[in-house]
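Here is the structure we will look at.
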Amino acid sequence: MKEIDVEIAELREKYGDKFADVVSKEIESCLEKGRAYRVHILSEIVFLEILFVTQSYFIKYWIFPETDSVEERTLIGYRDAKRALEIMAELDSEK
């Protein structure tokens with residue numbers, strides 16, 4: 181748990197509180213349920229776009245540091261969905 185806290189602190193420093201809070205919430209949920217997970221930063225240009233993937237689901241977030249707001253994206257593009265499914269298969273095979 182300490183390693184994760186250190187990584188979250190680094191995320192908070194680099195990307196801001198909202199980003200770190202979203203990632204931290206998802207990681208805590210996975211740890212409680214014993215799920216493997218991966219976080220992918222897809223874009224850092226105008227806003228932070230992340231894809232959070234577990235063995236059983238994936239979520240895409242847009243995080244806007246300027247306004248301190250978060251949007252959970254329920255519709256994602258083909259490439260992101262394909263990548264998420266590949267990661268899910270990898271996580272499942274690592275059991």
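Take the sequence shown: its position 44, counting from 1, is numbered 224 in my numbering, and each next residue is one higher.
Ideal Cβ positions, reconstructed from N, Cα and C, are used throughout, including at glycine.
Stretch pair the segment 264–273 + the segment 243–254: three plus CB contacts closer than 8 Å: no
Hey, would you say Ile207 sits closer than 8 Å to Tyr217, going by beta carbons? Counted from its first residue, the sequence shown places residue 207 at position 27. Counted from its first residue, the sequence shown places residue 217 at position 37. A contact, by the Cβ cut-off of 8 Å.
For the alpha helix (DSSP H) containing Glu212, name the first residue and the last one. The residue given as residue 212 occupies position 32 in the sequence shown. Counting along the chain, the alpha helix (DSSP H) containing Glu212 begins and ends at Asp197 to Lys213.
Own chain partners of Phe238 with C-beta closer than 6 Å, once the 5 adjacent residues on each side are dropped: Locating residue 238 in the sequence shown gives position 58, counting from the first residue. Within the same chain, Phe238 has close Cβ partners Ala264.
Determine the burial state of Leu191: buried for a count of at least 16 other Cβ atoms within 10 Å of its Cβ, exposed for fewer. If you number the sequence shown from 1, residue 191 lands on position 11. That one is buried.
When the Cα atoms are used, what is the spatial distance from Asp197 to Ile230? Indexing the sequence shown from 1 puts residue 197 at position 17. Indexing the sequence shown from 1 puts residue 230 at position 50. The alpha-carbon atoms of Asp197 and Ile230 are separated by roughly 15 Å.
Which word fits Val233, buried or exposed, when buried means at least 16 other C-beta atoms lie within 10 angstroms of its C-beta? Taking the sequence shown and counting its residues from 1, the one referred to as residue 233 is at position 53. When all chains shown are included, Val233 counts as buried.
Using a Cβ-Cβ cut-off of 8 Å (strictly less than) and excluding sequence neighbours within five positions of Ser236, which residues of its own chain qualify? The residue you call residue 236 lines up with position 56 of the sequence shown. Same-chain partners within the cutoff: Arg215 and Met268.
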